[in-house]
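Asker: Got a structure for you, written out below as structure tokens; questions coming shortly.
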Amino acid sequence: MPGLGDVTGPRGILFGGDYNPEQWPEETWLEDVRLMKDAGVNSVTLGVFSWAKLEPRPGEREFGWLDRLMDLMHDNGIGVVLATPTSSPPPWLGRLHPETLPRDEDGRTEWWGGRQHFSHSSAAYRRYAAAITEDLAARYGDHPALTMWHINNEYCTYDWGDGAAARFRRWLQQKYGSLDALNSAWGTAFWSQGYGDWDEVLPPRHAHYMKNPAQVLDFKRFTSDMLLECCTAERDIVRRHTPHLPVTTNFMPLWVGQDAWRWVEEEDIVSVDLYPDPRDPFGAQSSALVQDLTRSQARGPWMLMEQAAGPVNWRGVNHPKPRGLNRLWSLQAVARGADAVCYFQWRQSRQGAEKFHSGMVSHAGEQGRTYQEVRQLGAELARIGDEVTGSHTPNDIAILHDWHSWWAGAHEGRLSTHVDYPQILTAWHRALWQAHLTTDFAHPEHDLTAYKLVVVPQLYALTDAAIDNLLAYVRGGGTLVCGFLTGVADEDDRVRPGGMDPRLRELFGIRTLHEWWPLDADESAETDGFRGTLWSEEIEAAGDVSVEAAYKGGELDGAPAVLRNGRAWYVSTLPEPHALRVLLTRIAADAGVRPVLDGLPDRVEAVRRGDLLFVLNHGREPVTVEVPDAQHDLLTGATVEGEVTLGRYGVAVLRS
Ligand code: GLA
Ligand code: GLA
Numbered sequence: 280m281p282g283l284g285d286v287t288g289p290r291g292i293l294f295g296g297d298y299n300p301e302q303w304p305e306e307t308w309l310e311d312v313r314l315m316k317d318a319g320v321n322s323v324t325l326g327v328f329s330w331a332k333l334e335p336r337p338g339e340r341e342f343g344w345l346d347r348l349m350d351l352m353h354d355n356g357i358g359v360v361l362a363t364p365t366s367s368p369p370p371w372l373g374r375l376h377p378e379t380l381p382r383d384e385d386g387r388t389e390w391w392g393g394r395q396h397f398s399h400s401s402a403a404y405r406r407y408a409a410a411i412t413e414d415l416a417a418r419y420g421d422h423p424a425l426t427m428w429h430i431n432n433e434y435c436t437y438d439w440g441d442g443a444a445a446r447f448r449r450w451l452q453q454k455y456g457s458l459d460a461l462n463s464a465w466g467t468a469f470w471s472q473g474y475g476d477w478d479e480v481l482p483p484r485h486a487h488y489m490k491n492p493a494q495v496l497d498f499k500r501f502t503s504d505m506l507l508e509c510c511t512a513e514r515d516i517v518r519r520h521t522p523h524l525p526v527t528t529n530f531m532p533l534w535v536g537q538d539a540w541r542w543v544e545e546e547d548i549v550s551v552d553l554y555p556d557p558r559d560p561f562g563a564q565s566s567a568l569v570q571d572l573t574r575s576q577a578r579g580p581w582m583l584m585e586q587a588a589g590p591v592n593w594r595g596v597n598h599p600k601p602r603g604l605n606r607l608w609s610l611q612a613v614a615r616g617a618d619a620v621c622y623f624q625w626r627q628s629r630q631g632a633e634k635f636h637s638g639m640v641s642h643a644g645e646q647g648r649t650y651q652e653v654r655q656l657g658a659e660l661a662r663i664g665d666e667v668t669g670s671h672t673p674n675d676i677a678i679l680h681d682w683h684s685w686w687a688g689a690h691e692g693r694l695s696t697h698v699d700y701p702q703i704l705t706a707w708h709r710a711l712w713q714a715h716l717t718t719d720f721a722h723p724e725h726d727l728t729a730y731k732l733v734v735v736p737q738l739y740a741l742t743d744a745a746i747d748n749l750l751a752y753v754r755g756g757g758t759l760v761c762g763f764l765t766g767v768a769d770e771d772d773r774v775r776p777g778g779m780d781p782r783l784r785e786l787f788g789i790r791t792l793h794e795w796w797p798l799d800a801d802e803s804a805e806t807d808g809f810r811g812t813l814w815s816e817e818i819e820a821a822g823d824v825s826v827e828a829a830y831k832g833g834e835l836d837g838a839p840a841v842l843r844n845g846r847a848w849y850v851s852t853l854p855e856p857h858a859l860r861v862l863l864t865r866i867a868a869d870a871g872v873r874p875v876l877d878g879l880p881d882r883v884e885a886v887r888r889g890d891l892l893f894v895l896n897h898g899r900e901p902v903t904v905e906v907p908d909a910q911h912d913l914l915t916g917a918t919v920e921g922e923v924t925l926g927r928y929g930v931a932v933l934r935s
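Following the numbering used here, the numbering of the sequence shown begins with 280 at its first residue and continues without gaps.
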């Protein structure tokens with residue numbers, strides 16, 4: 280199978296971005312190439328939104344402009360990631376085939392005039408998408424500029440319309456075989472929902488009161504599967520023409536709509552788009568989470584397909600990146616496994632919805648600070664590329680994450696709407712990040728034996744296989760720590776006996792889970808060691824387990840808050856940030872996991888990648904950090920003895 284290494288091998292770290300030259304006169308293309316070469320750009324992604332330009336009327340083809348661009352890139356040594364243009368169909372498709380337009384839950388049509396107005400279930404959409412993909416692959420498969428394929432863009436659409444309803448029924452027939460099985464899995468005995476004919480089954484459309492959670496859960500699974508079908512159909516076409524070239528599709532960061540563990544099985548390169556807010560004090564950590572997840576999905580190097588060189592234009596207020604931040608965050612991605620540092624987009628648009636979204640070349644042009652910093656970064660990436668690409672270091676800690684559990688746990692009828700899965704995942708990752716403990720992510724059914732510590736922030740729904748996996752992991756000598764609302768439901772979102780799977784209760788030493796006690800937003804639960812937030816539980820511990828923290832005051836006074844049964848820990852609340860960090864540091868130390876470097880200041884991040892040690896200063900003030908032995912800094916060429924000083928947003932890439 281071809282992979283990212285086949286592309287980076289000849290080129291080093293991929294550096295570049297989405298290039299939308301169809302928005303510009305051809306004179307500008309020559310200027311673009313000059314600036315690209317000057318900045319060390321070695322890869323551009325063409326064609327992401329080019330469908331109407333390539334096929335202005337049904338069945339017509341206009342390839343001339345793209346021929347000239349492919350040649351221009353090749354003549355200048357710039358590789359092309361060619362996108363199938365299928366995420367934004369031309370207006371004629373919606374006009375000719377209104378059934379290609381998705382409907383929302385309330386039955387409203389998503390019209391053309393924006394983008395991503397396609398129904399994953401529409402046969403007409405799929406037919407036209409396949410045809411343009413086929414012709415692109417036939418025309419450019421042998422072109423020497425072509426390095427890889429980029430299918431569609433950020434698959435993220437839903438459809439509640441009639442075409443999707445018909446397809447949903449077929450998906451359900453395949454999954455359940457019979458209506459009886461569907462009625463049982465969905466618990467339709469509740470509220471008179473029993474289905475007597477397949478034609479009665481619908482996507483979970485606008486309803487008077489709360490929808491059936493199992494139906495909603497299956498609809499999310501169905502949507503992810505349909506989008507994946509669209510993706511693999513196009514992948515199969517390009518693979519037939521170019522079996523030697525790798526294929527990717529770009530994810531959004533921690534996007535709710537795709538079961539990305541499943542998706543990555545179908546692509547050769549894992550890529551993600553990442554847009555942290557420059558003002559977010561935890562921007563680096565939220566990026567680190569996505570980077571760790573993406574690296575774990577790739578099981579090695581991955582591709583940062585898009586980031587912004589300056590502001591985005593889709594937040595309420597869109598801040599630019601202060602001097603040095605683009606470089607720092609780009610090198611952070613490399614530290615955490617990226618072998619490609621790419622942007623949306625090369626040149627900032629003058630028209631269209633994203634004209635105030637930054638590009639590598641901003642409205643200020645060549646002399647602008649944005650381009651000048653991009654240029655410096657390009658030179659630095661070229662300097663370290665040989666030593667970095669292809670290298671990978673697995674971590675000792677895995678955080679478990681699963682989309683199906685996230686989907687199930689998000690149902691309308693839950694006990695607290697303050698319990699938000701991504702926030703909980705973030706809180707636990709942040710505590711580990713702040714403790715300078717680097718982590719991988721894993722699926723609950725993955726082989727976990729290589730990890731010393733497995734962390735489960737929250738897995739509301741678990742399959743029997745996942746529970747067996749966790750039990751075997753602890754039995755085999757692993758340390759496990761689980762947060763609240765874990766193991767509550769099975770894969771049909773049926774509550775397990777006792778409110779939490781009995782085998783898990785036994786593992787943690789929980790005799791009875793009497794009640795859940797969610798906390799209001801301004802409320803906290805005191806314990807004898809720390810303050811808990813969001814949630815608390817009325818638990819009765821089994822005789823021989825250790826109560827590591829107990830609730831103090833209130834209804835739960837004296838009841839266990841944190842339980843430890845050998846190497847299995849259960850945390851029934853969300854400890855406030857400092858406490859969670861202290862707790863996880865202690866559990867990690869017991870499991871034999873140490874921080875990357877000792878004594879690091881809070882704002883410094885240290886990450887090992889292969890033989891290299893990346894040290895990153897996330898602050899504006901200079902900082903001096905002790906490092907082991909004598910080291911060579913690949914960025915400056917200097918030898919570093921015992922300590923390294925990093926300036927504002929400074930980075931060192933060290934080799935012993
Ligand atoms: C109402 C309804 C019941 C049930 C309860 C839940 O009283 O009549 O069917 O939904 O609310 O509080
Ligand atoms: C996404 C899309 C791009 C662009 C950027 C803007 O990542 O893939 O086309 O819209 O967002 O941030």
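We put the beta carbon where it would ideally sit given N, CA and C, even for glycine.
#1: Note the first and the last residue of the continuous beta strand (DSSP E) segment covering residue 918.
#2: Provide the residue span of the alpha helix (DSSP H) that contains residue 749, from first to last.
#3: What residue range does the alpha helix (DSSP H) around residue 494 cover?
#4: Between which two residues does the beta strand (DSSP E) containing residue 910 stretch?
#5: If you reduce the DSSP assignment to three classes, tell me which class residue 469 lands in.
#6: Name the DSSP bridge partner or partners of residue 740?
#7: Assign residue 839 to one of three DSSP states: helix, strand, or coil.
#8: Please confirm if residue 490 has its CB atom under 8 Å from at least one CB of chain D.
#9: Between the C-alpha atoms of residue 774 and residue 496, what's the straight-line distance to the nearest angstrom?
#10: Given a cut-off of 8 Å, decide if residue 737 and residue 759 are closer than it, judged by their beta-carbon atoms.
#11: Going by CA-CA distance only, name the one from 838, 855, 756 and 823 that's closest to residue 800.
#12: Would residue 357 and residue 323 be called neighbours here (beta carbons separated by less than 8 Å)?
#13: What residues in its chain sit with their C-beta under 6 Å from that of residue 597, if we drop five residues either side in the sequence?
#14: Label residue 488 either buried or exposed according to how many other C-beta atoms from any shown protein chain fall within 10 Å of its C-beta, with 16 as the threshold for buried.
#15: Using only CA atoms, which one of 478, 561, 568 and 556 lies nearest to residue 599?
#16: With residue 425 as the anchor, note down where its beta strand (DSSP E) starts and where it stops.
#17: Just the C-alpha distance for residue 361 and residue 303, rounded to the nearest angstrom, thanks.
#18: Out of curiosity, what's the CA-to-CA distance linking residue 349 and residue 305?
#19: Considering Cα atoms alone, identify which of 562, 571, 612 and 604 is closest to residue 583.
#20: Can you round the beta-carbon distance between residue 603 and residue 404 to whole angstroms, since I take them to be within the 8 Å contact cut?
#21: In this structure, how does DSSP classify residue 287 when only helix, strand and coil are distinguished?
#22: Helix, strand or coil for residue 330? Go by DSSP, reduced to three states.
#23: Between which two residues does the beta strand (DSSP E) holding residue 762 run?
#24: What residue from 351, 825, 920 and 434 has the CA that sits closest to residue 550's CA?
#25: Is any non-hydrogen atom of ligand 2 found closer than 7 Å to the C-beta of residue 432, if you look at the structure I gave you?
#26: Assuming residue 365 contacts residue 415 under a Cβ cut-off of 8 Å, what Cβ separation, rounded to an integer in Å, is found between them?
#27: Do you know offhand how far residue 882's Cα is from residue 898's?
#28: Going by other Cβ atoms of all chains shown within 10 Å of its Cβ, with 16 needed for buried, is residue 852 buried or exposed?
#29: Give the straight-line distance between the Cα atoms of residue 762 and residue 839, rounded to the nearest whole angstrom.
#30: Quick one: does the C-beta of residue 633 sit closer than 7 Å to a heavy atom of ligand 3?
#31: Quick one: complete beta strand (DSSP E) runs, 3+ long, within the segment 343-424?
#32: Short check: CB of residue 792 to CB of residue 746, under 8 Å?
#33: Can the beta-carbon of residue 526 be found closer than 8 Å to that of residue 508?
Answerer: If we stick to the structure as given:
#1: Here the question's residue 918 lines up with position 639 in the sequence shown. Its beta strand (DSSP E) spans residues 918-925.
#2: The residue labelled residue 749 in the question sits at position 470 within the sequence shown. According to the DSSP assignment, residue 749 belongs to the alpha helix (DSSP H) that extends over 743-754.
#3: On the sequence shown, residue 494 is found 215 positions in, with the first residue counted as 1. 492-520 is the span of the alpha helix (DSSP H), which, as asked, contains residue 494.
#4: Start at 1 with the first residue of the sequence shown, and residue 910 comes out as number 631. Annotation for residue 910: the continuous beta strand (DSSP E) segment containing it runs 902-912.
#5: Working through the sequence shown from its first residue, we reach residue 469 at position 190. In the structure shown, residue 469 sits in a helix (DSSP, three-state: H, G or I).
#6: Along the sequence shown, one-based indexing puts residue 740 at 461. DSSP output for residue 740 lists 768 as bridge partner(s).
#7: Residue 839 sits at position 560 when you count from the first residue of the sequence shown. For residue 839, the three-state secondary structure derived from DSSP is strand.
#8: Among the chains of the structure shown, chain D does not appear; only one protein chain is present.
#9: Counting from one through the sequence shown, the residue named residue 774 turns up at place 495. Counting from one through the sequence shown, the residue named residue 496 turns up at place 217. For residue 774 and residue 496, the distance between alpha carbons rounds to 14 Å.
#10: The residue labelled residue 759 in the question sits at position 480 within the sequence shown. The residue labelled residue 737 in the question sits at position 458 within the sequence shown. Their beta carbons are not under 8 Å apart, which means residue 759 does not touch residue 737 by this criterion.
#11: Looking up residue 800 in the sequence shown gives position 521. Checking every option, the nearest Cα to that of residue 800 belongs to 855.
#12: Along the sequence shown, one-based indexing puts residue 357 at 78. Along the sequence shown, one-based indexing puts residue 323 at 44. Going by C-beta atoms, residue 357 is nearer than 8 Å to residue 323.
#13: Taking the sequence shown and counting its residues from 1, one reaches residue 597 at position 318. Only 590 and 591 meet the Cβ criterion.
#14: Residue mapping note: residue 488 aligns to position 209 of the sequence shown, counting from 1. So residue 488 ends up on the exposed side.
#15: Against the sequence shown, residue 599 aligns to sequence position 320. The shortest C-alpha to C-alpha distance from residue 599 to any of 478, 561, 568 and 556 is the one to 556.
#16: In the sequence shown, residue 425 corresponds to position 146, counting from 1. 425-429 is the span of the beta strand (DSSP E), which, as asked, contains residue 425.
#17: Within the sequence shown, residue 361 is the residue found at index 82, counting from 1. Within the sequence shown, residue 303 is the residue found at index 24, counting from 1. For the pair residue 361 and residue 303, the Cα-to-Cα distance works out to about 18 Å.
#18: For this step, residue 349 is matched to residue 70 along the sequence shown. For this step, residue 305 is matched to residue 26 along the sequence shown. One C-alpha to the other measures close to 13 Å.
#19: Along the sequence shown, one-based indexing puts residue 583 at 304. Closest option to residue 583, Cα to Cα, is 612.
#20: Counting from one through the sequence shown, the residue named residue 603 turns up at place 324. Counting from one through the sequence shown, the residue named residue 404 turns up at place 125. That pair is no contact at about 44 Å.
#21: Sequence index remark: in the sequence shown, residue 287 carries index 8 (1-based). Correct three-state label for residue 287: helix.
#22: In the sequence shown, the residue the question calls residue 330 occupies position 51. In this structure, DSSP gives residue 330 a helical state, which the three-state scheme calls helix.
#23: Residue 762 sits at position 483 when you count from the first residue of the sequence shown. 758-762 is the extent of the beta strand (DSSP E) around residue 762.
#24: For the purposes of this step, residue 550 is taken as residue 271 along the sequence shown, with counting starting at 1. By alpha-carbon distance to residue 550, the top candidate from 351, 825, 920 and 434 is 434.
#25: Walking along the sequence shown from the start, residue 432 turns up at place 153. Under cutoff, so the answer is yes.
#26: Position 86 of the sequence shown, counted from the start, is the residue given in the question as residue 365. Position 136 of the sequence shown, counted from the start, is the residue given in the question as residue 415. Actually they are not in contact, since the Cβ atoms of residue 365 and residue 415 sit about 10 Å apart, beyond 8 Å.
#27: As a working mapping, residue 882 is identified with position 603 in the sequence shown. As a working mapping, residue 898 is identified with position 619 in the sequence shown. The straight-line gap from Cα to Cα measures roughly 6 Å.
#28: For this step, residue 852 is matched to residue 573 along the sequence shown. Residue environment for residue 852: buried (at least 16 other C-beta atoms within 10 angstroms of its C-beta).
#29: Taking the first residue of the sequence shown as 1, we reach residue 762 at position 483. Taking the first residue of the sequence shown as 1, we reach residue 839 at position 560. Rounded to the nearest angstrom, the two C-alpha atoms are 14 Å apart.
#30: In the structure on display, ligand 3 does not appear, and the ligands it does have are ligand 1 and ligand 2.
#31: The segment 343-424 contains these whole beta strand (DSSP E) runs: 358-362.
#32: Here residue 792 refers to the residue found at position 513 of the sequence shown. Here residue 746 refers to the residue found at position 467 of the sequence shown. Their beta carbons are not under 8 Å apart, which means residue 792 does not touch residue 746 by this criterion.
#33: As a position in the sequence shown, residue 526 is number 247, starting the count at 1. As a position in the sequence shown, residue 508 is number 229, starting the count at 1. Taking 8 Å as the Cβ cut-off, residue 526 and residue 508 do not qualify as a contacting pair.
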